Each structure stands twice: as structure tokens, then as C-alpha cells.
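Worksheet for the structure shown next.
There are 2 protein chains.
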Amino acid sequence: MAQDKKFVEQITSMKDDFAQWYTDVVKKAELMGYSSVKGFMIFKPAGYAIWENIQKELDARFKETGVQNVYMPLFIPESLLEREKDHVEGFAPEVAWVTMGGLNKLPERMCVRPTSETLFCDFYKDEVESYRDLPKVYNQWCSVVRWEKETRPFLRSREFLWQEGHTAHATFEEAEERTQQMLNVYANFCEEVLAIPVVKGRKTDKEKFAGAEATYTIEALMHDGKALQSGTSHNFGDGFAKAFGIQYTDKDNTLKHVYQTSWGVTTRLIGALIMVHGDDSGLVLPPRIAPIQVDVVPVMQKKEGVLEKAAEVAESLRAAGLRVKVDDSDKNPGWKFSEQEMRGIPVRVELGPRDIAEGKAVVVRRDTREKITLAIDELATKLPEILDTMQKELLERARAHRDEHTYEAHNYEEFKDIVANKPGFVKAMWCGDQACEDKIKEDTTATSRCMPFEQESISDVCVCCGKPAKKLVYWGKAY
Amino acid sequence: MAQDKKFVEQITSMKDDFAQWYTDVVKKAELMGYSSVKGFMIFKPAGYAIWENIQKELDARFKETGVQNVYMPLFIPESLLEREKDHVEGFAPEVAWVTMGGLNKLPERMCVRPTSETLFCDFYKDEVESYRDLPKVYNQWCSVVRWEKETRPFLRSREFLWQEGHTAHATFEEAEERTQQMLNVYANFCEEVLAIPVVKGRKTDKEKFAGAEATYTIEALMHDGKALQSGTSHNFGDGFAKAFGIQYTDKDNTLKHVYQTSWGVTTRLIGALIMVHGDDSGLVLPPRIAPIQVDVVPVMQKKEGVLEKAAEVAESLRAAGLRVKVDDSDKNPGWKFSEQEMRGIPVRVELGPRDIAEGKAVVVRRDTREKITLAIDELATKLPEILDTMQKELLERARAHRDEHTYEAHNYEEFKDIVANKPGFVKAMWCGDQACEDKIKEDTTATSRCMPFEQESISDVCVCCGKPAKKLVYWGKAY
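Protein sequences appear in the order of chains A and B.
Quick note: the first sequence uses numbering that gives the first Met the number 0, first residue 0, plus one each step.
Quick note: the second sequence uses numbering that gives the first Met the number 0, first residue 0, plus one each step.
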């Protein structure tokens with residue numbers, strides 16, 4: 000047992016040092032590794048498998064709304080990146096530049112895509128001629144590069160994986176509808192599959208995407224009370240269309256510019272999973288996203304019939320549609336239990352010679368550690384129910400935590416006190432002036448997370464300047 | 000009908016100009032588009048959907064053999080690429096170099112991965128400590144960049160999509176077994192899913208992968224008699240392990256180097272699909288890989304009940320597990336038929352008011368154009384059978400074509416005559432000397448495709464120099 004303890008103790012307590020706890024969990028759950036390429040991470044099998052499940056679920060939801068997948072070039076010539084003014088200002092300082100191809104210097108340098116608006120625009124300009132060619136509702140799954148200075152697994156690195164949807168529409172209204180539709184796809188996915196409740200809202204002009212008319216966001220609250228922007232959806236109006244000359248002939252035979260959107264989520268969703276559900280023993284994965292849902296752990300596995308029974312149980316659970324592994328390694332059971340906990344496998348089934356003789360098995364839930372003794376025969380019917388319950392309770396627990404850590408500030412003193420002493424979301428009124436946003440950030444390091452769709456009036460005046468308030472804003476420190 | 004004809008006539012006849020036919024099919028089937036980034040292509044929805052199906056099928060087959068997916072960095076520092084001598088010589092001249100990150104010049108330039116052996120080695124060096132850590136059987140799906148001078152859709156471009164498996168094993172034998180296992184996965188996939196028969200064999204030293212001890216290949220024959228290398232699997236022995244210092248402690252407590260493999264297939268498989276099955280009307284997709292298998296075409300769709308019946312039929316076919324589209328656009332039926340043919344949708348179901356009144360529908364197979372009248376009620380049971388038959392017959396037809404275009408050469412005059420006048424594979428004996436390979440290439444432009452696993456002796460002497468023969472080799476002009 001000595002080795003088991005040491006094994007577990009390698010995870011720093013969340014309360015002692017949240018950042019170190021996070022790094023420890025990423026390492027001990029074997030989600031990601033540091034590469035010797037500075038600022039770049041390696042997705043290990045356990046981490047990549049989560050991303051595969053995210054892709055599978057989201058891709059199916061996208062396709063239900065008519066999305067088609069495509070793949071655009073990895074590189075963007077500098078002149079193309081520069082076509083839309085706000086966009087290039089937002090991205091040019093943080094891209095990687097390719098200057099040599101083979102043995103020759105390139106006539107024009109190209110950046111590795113930090114996002115692909117410009118490539119899609121360049122494509123749509125030739126693809127779209129008539130109203131019959133609209134809408135275009137394309138998406139790609141790929142990696143992008145942004146030259147970040149700091150690296151944190153899943154949250155910030157020089158390369159990350161994501162999907163980027165890019166659409167073109169005949170009218171502003173249709174583009175707006177698509178922008179909000181995709182935000183809702185993200186929000187529903189987060190709640191239903193990742194068990195992460197989100198606040199939906201609109202970004203202020205200061206925080207919106209470079210080149211967008213409106214940016215919508217889903218904001219989630221991490222266990223330490225910091226916010227994580229978890230997905231965004233942008234309405235570009237016809238700004239890009241004008242910069243790139245994307246026009247179509249309408250039914251009335253006149254030339255019109257298209258209206259565009261883009262929307263994306265990234266591998267930082269895995270960071271959100273860790274920081275919303277994890278605990279001091281490691282990762283806790285909601286059953287619907289867990290690559291392995293059930294860890295069957297044979298106890299005293301050298302005894303006759305134990306491994307056979309474990310394999311038989313696993314097979315019956317797989318037949319019931321569950322994702323199952325049998326840990327038949329030569330480690331001792333305590334070690335295996337710790338591993339299952341670190342890796343966040345939703346339930347384990349303990350199965351020893353005595354259990355088998357009695358026709359029973361002990362099921363342990365990862366989140367509550369509740370032990371449930373079940374007849375082996377009923378595992379295949381009861382485990383799916385237990386996993387469903389766990390999925391629901393994880394969401395409820397996360398929502399309760401989020402609500403408990405959402406505060407209202409009616410004046411600036413109260414605001415500063417909350418930000419300094421009570422990590423979480425702060426709801427406060429705002430006049431709409433960027434000067435107040437800037438001041439709040441400078442005074443407190445909190446930023447405006449979003450103007451929630453569900454607006455309330457908790458005061459008549461701006462929390463910062465006291466002028467008449469225009470909007471309720473969620474504020475918070477953020478990743 | 001004038002517009003339909005023109006529509007079809009835009010595909011050049013295969014016999015007139017095979018290269019132009021290929022380009023036309025890619026364009027008219029909307030598989031790929033040229034981007035304004037020189038040498039880079041755009042995968043359009045119809046092309047990317049084929050790749051998604053290839054991924055889905057192959058990924059499942061990989062995972063059945065224990066493969067786990069990971070994701071490694073996009074960039075390779077120059078010093079890392081240089082670690083293995085043969086490897087760097089093979090790749091350094093054809094990579095893209097990143098020299099700036101953000102606003103700063105990088106201390107060391109990095110290439111965009113042309114392949115990831117060096118990154119996996121750098122990773123395994125830290126991950127593998129004990130025999131318990133072996134084998135590592137990892138794979139990644141990604142894009143790679145190689146600075147090609149010419150561009151041909153799917154066959155050659157500066158960026159392409161692929162999967163690259165990279166494994167590490169305790170023994171040479173285990174590595175060799177994995178190398179051949181994956182070649183067989185590829186071969187079976189090509190035959191069973193793509194309906195493309197392949198010759199399995201080993202590459203000569205001249206043609207093997209930079210850094211490999213042995214390269215195995217599957218070679219397919221295109222409609223024009225040229226060969227296409229369709230997948231490769233490499234056994235590296237312990238060469239990379241020694242260059243990168245990847246060692247493990249074995250059960251006997253001694254330090255040993257690991258043995259490695261890598262294996263990959265790329266989006267050129269889509270090029271193979273086009274050139275093996277296509278005809279003068281466009282693409283022909285084998286049902287198992289076709290993103291859409293059935294195109295339901297309503298005829299006189301403005302008549303009452305036609306569109307409703309088409310939707311109903313489509314729904315019943317979907318319920319039978321088929322991938323179905325209803326073409327309810329406002330184009331005329333002839334145009335819709337041409338589109339279905341160009342896009343290679345395996346069967347269309349023609350459904351007009353008279354058919355509906357009689358409870359019948361006309362099914363037309365894309366490959367044979369055979370018209371089959373079926374009761375509407377039996378579509379859901381008969382169509383899967385028709386698609387199965389089509390899948391089998393496409394493979395048989397491709398195999399017959401391949402066999403009819405495989406020749407034997409017993410002396411050099413015969414060899415040169417065949418290469419010059421009979422496009423196809425040439426089987427001929429070889430002494431094992433690279434000088435003969437070089438001479439044959441110079442004299443005829445044919446290259447050694449592989450030394451097939453199924454060896455025969457068709458002569459005692461090398462077809463080129465007349466010295467004693469060591470191996471039967473498949474030769475051919477290749478893409």
C-alpha cells in the first residue's frame with residue numbers, strides 16, 4: 000500500500016495550489032505531455048480520445064443542422080491575411096511565418112493559419128455566384144497556430160486543435176440566426192455531454208473577435224472561480240464580403256454582398272472538463288464523454304476463474320453499449336483503484352473470488368465514491384442507469400457550484416471586494432463605455448465575460464462610473 | 000436538353016486525354032478546388048466526405064489491432080530533423096521552414112512536418128523506460144507539407160492529409176509482424192471497401208523510405224495502366240532508436256534499444272478511386288465508400304404527391320441503413336441524372352407520377368447503367384443487395400483490368416516494347432543490382448514498383464543485365 004499512497008500523493012491538493020493541481024492531473028491522467036518543441040504539447044492517447052469523443056458528438060450535431068466538412072490550406076499568404084483591416088491587426092502579431100519552401104526563399108511569406116476566415120472568403124469569392132449557391136455552411140476540423148508566450152496544457156499553447164465553421168448567407172437575418180443557432184449547439188453540447196453549465200451572452204466590443212460585428216460566447220465557471228470562454232460564434236455582417244468582394248446575383252438580378260459567420264470550439268474544452276469536475280484524486284469524466292466508462296478490476300486475479308469472470312462481465316457490459324476496460328495488469332488492486340480514480344473513469348467494478356462465489360460485484364462511482372453492491376447478473380441493466388444518474392448529478396453539482404459563486408455587485412466597492420475575495424462571476428450593471436471596462440480590468444484584473452441573453456436590472460447605474468446603466472454584464476477573472 | 004449535353008460534354012474522354020479527363024472529373028464531381036495559395040488544394044464537401052469515410056473505416060480497423068490515436072506538434076526543430084542521417088537527407092530538401100514566431104526571428108528554424116518519425120522518437124525516448132511500456136502502437140491523423148513542384152489533385156500537392164502510425168517494440172520480430180500486419184490492413188481495406196485490388200510486396204533499397212530497413216507497399220493499377228503506390232509500411236529496425244537513444248530495461252534487467260515501424264496512407268487513395276473506377280461520365284464510387292449511396296430523383300416533381308413519395312422512399316431506405324439524398328432541386332430530370340453520374344452516386348431511383356401510380360420505381364446502376372424496375376415496397380430490401388453486387392463487380396472488373404494489363408518480360412527487348420506500347424505492370428526478373436534499376440528507369444521511365452510477396456520464377460536471368468536473377472519484380476510507370 001505504500002506505493003499506492005505515494006502514487007496518489009503526487010497530485011497536489013486543489014486548495015493548496017490550484018494551478019499545480021491542474022498540471023498534476025493532466026500529467027497523472029496521462030492526457031498530455033510536453034514536447035521538446037517549445038510551446039507545443041503532445042496529446043497522449045487518454046487526452047486525444049476525449050477530443051475524439053467531442054468531435055464525434057459535435058460533428059453529428061453540426062451535420063443535423065446542414066453543416067458540411069471541408070479542408071482548406073494550412074498556410075495564408077501575407078497579402079491575403081491583410082485584406083480585412085481589423086482582422087489582420089488582431090492576428091498578425093501572433094502568427095508563425097513560413098519564409099522558405101524547399102531550398103528557396105518564398106516570394107511572399109505565408110503564415111500558418113491562426114484561423115481561416117481569409118481562406119474561406121477567398122474561396123467563397125469564386126464559389127458563390129447566384130442566390131442558388133447560398134447558404135454555404137462549411138466547417139473544418141484542424142489545428143491552428145498562435146504564437147503564445149505562456150503554455151498551459153489545453154488552455155494555452157502555440158498549437159491547438161479546434162473546429163472552425165464558416166458560413167455565407169443571402170441576408171443579415173439568416174447569418175444572425177446561424178450565429179445564434181451554433182452558439183446553442185455549443186451550449187447544449189456542454190450541458191448535455193460535458194455536464195458543464197454555461198452562461199450564454201454577447202461579448203462587448205472590446206472583447207469581440209477581430210473583424211466581427213457581434214461575438215456571442217458561452218462562459219463556464221471553473222472550480223477555482225475563474226471563468227473559461229468555452230466557445231464563440233461570430234456574426235461578421237458583410238464586412239468580410241466587402242473586403243473580399245464576395246457577391247451573388249439575387250433573384251431580382253441585382254448583385255449583393257453575402258453575410259457571414261464563423262464559430263469554433265477548441266481543445267480547451269478538455270481543460271474545462273478537468274477544472275469543472277476534477278477533484279484531489281484526479282480527473283472525473285462525465286460518462287457521456289468518457290472514452291472508458293467502466294473499469295472492471297479483478298481482485299486476487301490469480302485465483303481460478305477470476306479473470307475469466309471479469310472478461311465475461313466486460314463482454315456483457317459492452318453488449319449493453321458501454322465502453323469497458325478490464326485492468327488485468329499485474330499491479331495490486333489498490334494501485335488499480337488509484338489509477339481508475341486518477342484517470343477519471345466514471346465507475347469501477349470490483350470483482351474478487353468471494354464476490355463471484357456470491358454472484359455479486361461492488362460498483363464504485365468515481366465522483367461520490369459511493370459503493371453499490373449489485374448482483375453480477377444485473378450489472379448490464381443497472382450500470383447504464385448509474386452512469387445516467389452520475390451524468391445528471393455532475394451537471395447539477397457544477398450548476399450549484401456556479402450559482403453559489405455568482406455574485407451581484409451594486410457599487411464599485413462591493414465589486415472590488417467580491418473580485419478580490421470571492422472567486423466567481425460578478426453580475427454588475429455597465430454604462431456601455433469601454434473606459435469603464437478598461438478601468439475595471441486595471442483595478443481588479445477582472446474582464447467582462449459577456450452581456451448575458453437573460454438580462455436583469457440589478458441597479459440603475461453603472462457599477463464603475465455611476466452613469467445610467469445600459470446592460471447587465473458578467474465579470475470575472477478568466478483563463 | 001441542350002444544357003444537359005453541354006454539362007456532360009465538359010468531361011474530356013478518357014481515351015482522348017487521360018490527364019485532362021482526371022482533372023475534369025475532380026472538378027465536375029466537386030471533389031477539390033484550386034486555392035490561391037500556390038500548390039495547395041481545397042477539399043470540397045464531396046471530396047472531404049470520401050476522406051471521412053476512409054478515416055472511419057480505417058480507424059476502426061486500426062483500433063481492432065490495438066492502435067491508439069495521439070497528436071504530435073506541427074513543427075520540427077531543424078536539429079531534431081537532422082538526428083537520423085538518411086531521414087534528413089530524404090526530407091530536408093522538400094520541407095517548408097518557419098523562421099519567425101510572432102514578431103521575432105526564431106533562435107532555430109523549424110520545418111512544418113513532412114512526416115513525424117523524429118517527433119515520435121523524441122517522445123518515445125522519454126516515454127519508454129521498461130518492457131512494461133512496450134509496445135507503443137500510436138497513430139495520428141493530420142496534414143503534412145512537402146514542397147512539391149507540380150500539383151495534381153489528390154496525387155501531388157504541397158499539403159496532403161494522411162494518417163501516420165508509429166510503433167515501438169521490444170523485438171525485431173514483433174516490429175516486423177506489425178509492419179506486415181498494417182500492410183495487410185491496408186490491402187484488405189482497399190479490396191473490401193475501395194474495391195481496388197493491390198499487389199503486396201517489398202520495395203527495393205532504391206525505392207524504400209528514408210531511414211527504413213524495409214519498406215512494404217501496396218501497388219494498384221490505374222485505368223490508364225500506370226501504377227499508384229497506395230500505402231506503405233516501414234520496418235526501421237533499431238536505426239532510429241539508436242539515433243535517438245530510445246532504450247528500455249528488459250525483464251533480464253539489461254538496457255536494450257526498441258524496434259520501430261511506421262505506416263501510412265494518404266488522400267491519394269481518392270485519386271486511386273477516381274482512376275480505377277471512373278468513366279467518361281464522371282466518378283464511380285463503390286457503395287461502401289460512397290458518402291451518398293442512393294440518389295432519389297423525383298420526375299415531374301410538381302405533380303401532386305411526387306415529392307412526398309420521394310421523401311417517404313428516402314426515409315425507408317435510410318431506415319434500412321443506406322445513405323440517401325433526394326434531389327428536389329428545380330433542375331430538370333436529365334440534368335439531375337447527369338449530376339448523379341458525374342458525382343458517382345452508386346444508384347439512382349427514378350420516381351415519377353406514373354411509377355408511383357403503378358407502385359414501381361426505376362433503379363439505375365451507375366457503373367453498368369443497368370435499369371432495374373422494382374416495386375416501391377421492395378426497394379428497401381433489394382437496394383442493399385444491388386449495392387452489394389455492384390461493390391463485388393467493381394472489384395472483379397478492376398481485378399480483371401489489372402490482370403489483363405499485367406505482362407511478363409523475359410528479355411530486355413520485350414521489356415522495352417511492353418513499357419513503350421502496353422501500359423500496365425511488367426513482371427520481370429532482377430539481379431538485385433541498383434545499376435539495373437537505374438538503367439531501366441533511364442531507358443524506359445519505368446520504376447520498380449515492388450518485389451511481390453508471391454514470388455515466381457519466369458526466367459533464370461535479370462531482364463536487364465543477364466546475370467543470375469534473384470527476385471521477380473513488378474515494374475511500371477507510376478504516379
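Positions of the beta carbon are idealized from the N, C-alpha and C atoms, including for glycine.
Small disclaimer: the values here were computed from a predicted structure and weren't measured.
According to the DSSP assignment, Asn183 (chain A) belongs to the alpha helix (DSSP H) that extends over Phe171 to Glu191. Here the alpha carbons of Pro451 (chain B) and Thr231 (chain B) stand approximately 13 angstroms from one another. From the beta-carbon of Asp121 (chain B), the residues of chain A found nearer than 8 angstroms are Ser34 and Ser35. Annotation for Lys359 (chain A): Thr372, Leu373, Ala374 and Ile375 place their beta carbon closer than 8 angstroms to its own, counting only its chain and skipping 5 residues before and after. The Cβ of Pro92 (chain B) sits closer than 7 angstroms to at least one Cβ of chain A.
Within the stretch 139-165 of chain B, the residues whose Cβ lies closer than 7 angstroms to any Cβ of chain A are, in chain order, Ser142, Val144, Trp146, Glu158 and Leu160.
The beta carbon of Asn52 (chain B) sits closer than 7 angstroms to the beta carbons of Ile288 and Pro290 from its chain, once the five residues preceding and following it are set aside; these are given in chain order. For Tyr70 (chain B), there is no enclosing beta strand (DSSP E), as DSSP marks it with neither H nor E. If one requires a minimum length of 3 residues, the beta strand (DSSP E) runs lying completely within the stretch 304-377 of chain B are 323-325, 346-350, 359-364 and 370-374, in chain order. Inclusion of Val127 (chain B) and Ile217 (chain B) in the CB contact set at 7 angstroms is not warranted, their separation being larger than that value. For the stretch 95-121 of chain A, residues whose beta-carbon sits nearer than 8 angstroms to a beta-carbon of chain B comprise Ala95, Trp96, Val97, Thr98, Met99, Gly100, Gly101, Leu102, Arg108, Met109, Val111, Leu118 and Asp121.
C-alpha of Leu105 (chain A) to C-alpha of Val94 (chain B): approximately 12 angstroms in a straight line. Judged by their CB atoms, Met341 (chain B) and Ala48 (chain B) are not nearer to each other than the 7 angstroms cut-off. Annotation: Ala399 (chain B) to Ala174 (chain A) spans about 52 angstroms, alpha carbon to alpha carbon.
By the neighbour-count definition (other C-beta atoms within 10 Å, threshold 16), Leu394 (chain A) is a buried residue. Among the CB atoms of chain A, none fall inside 7 angstroms of the CB of Leu80 (chain B).
Cys189 (chain B) is a Cβ neighbour of Val197 (chain B), given a cutoff of 7 angstroms. The Cβ atoms of Lys421 (chain B) and Thr444 (chain B) lie no closer than 7 angstroms to each other. Arg353 (chain A) is not a Cβ neighbour of Met389 (chain A), given a cutoff of 7 angstroms.
Around the C-beta of Thr380 (chain A), fewer than 16 other C-beta atoms lie within 10 Å, and the residue is accordingly described as exposed. Trp20 (chain A) and Lys391 (chain A) have their alpha carbons spaced roughly 25 angstroms apart. In this structure, Cys461 (chain B) lies near Cys430 (chain B), with their beta-carbon atoms less than 7 angstroms apart.
A direct Cα-Cα distance of roughly 12 angstroms separates Leu306 (chain A) from Glu314 (chain A). Contact residues of the stretch 58-87 of chain A toward chain B are Gln67, Asn68, Val69, Tyr70, Met71, Pro72, Leu73, Phe74, Ile75, Pro76 and Leu79 (C-beta to C-beta distance below 8 angstroms). If you look at Trp20 (chain B), you'll find it in the alpha helix (DSSP H) that goes Phe17 to Lys27. With contacts defined by Cβ atoms closer than 7 angstroms, Gly277 (chain A) and Val24 (chain A) form a contacting pair. Counting only the Cα atoms, Asp223 (chain B) lies some 8 angstroms from Met13 (chain B). For Pro332 (chain A), not one C-beta of chain B is nearer than 7 angstroms to its own C-beta.
Excluding sequence positions up to five before and after Glu212 (chain A), its CB lies within less than 7 angstroms of the CB of Asn234, Phe235, Gly236 and Gly238, all in the same chain and listed in chain order.
Taking a C-beta distance under 7 angstroms as the contact criterion, Glu107 (chain B) and Pro76 (chain B) qualify as a contact pair. Spatial neighbours of Thr265 (chain B) in its own chain (CB-CB distance under 6 angstroms, excluding positions within 5 residues in sequence) are listed in chain order as Phe159 and Trp161.
Shown here, Gly281 (chain B) sits in a strand according to DSSP, grouped into three states. Residue state for Met450 (chain A) is assigned as strand, using DSSP reduced to three classes. Boundaries for Asp251 (chain A): no alpha helix (DSSP H) harbours it, and the DSSP string shows neither H nor E there. Measuring C-alpha to C-alpha distances from Ile355 (chain B) to each of B:Lys241, B:Lys302 and B:Gly46 identifies B:Lys302 as the nearest. Glu349 (chain B) counts as buried, since no fewer than 16 other beta carbons sit within 10 angstroms of its beta carbon.
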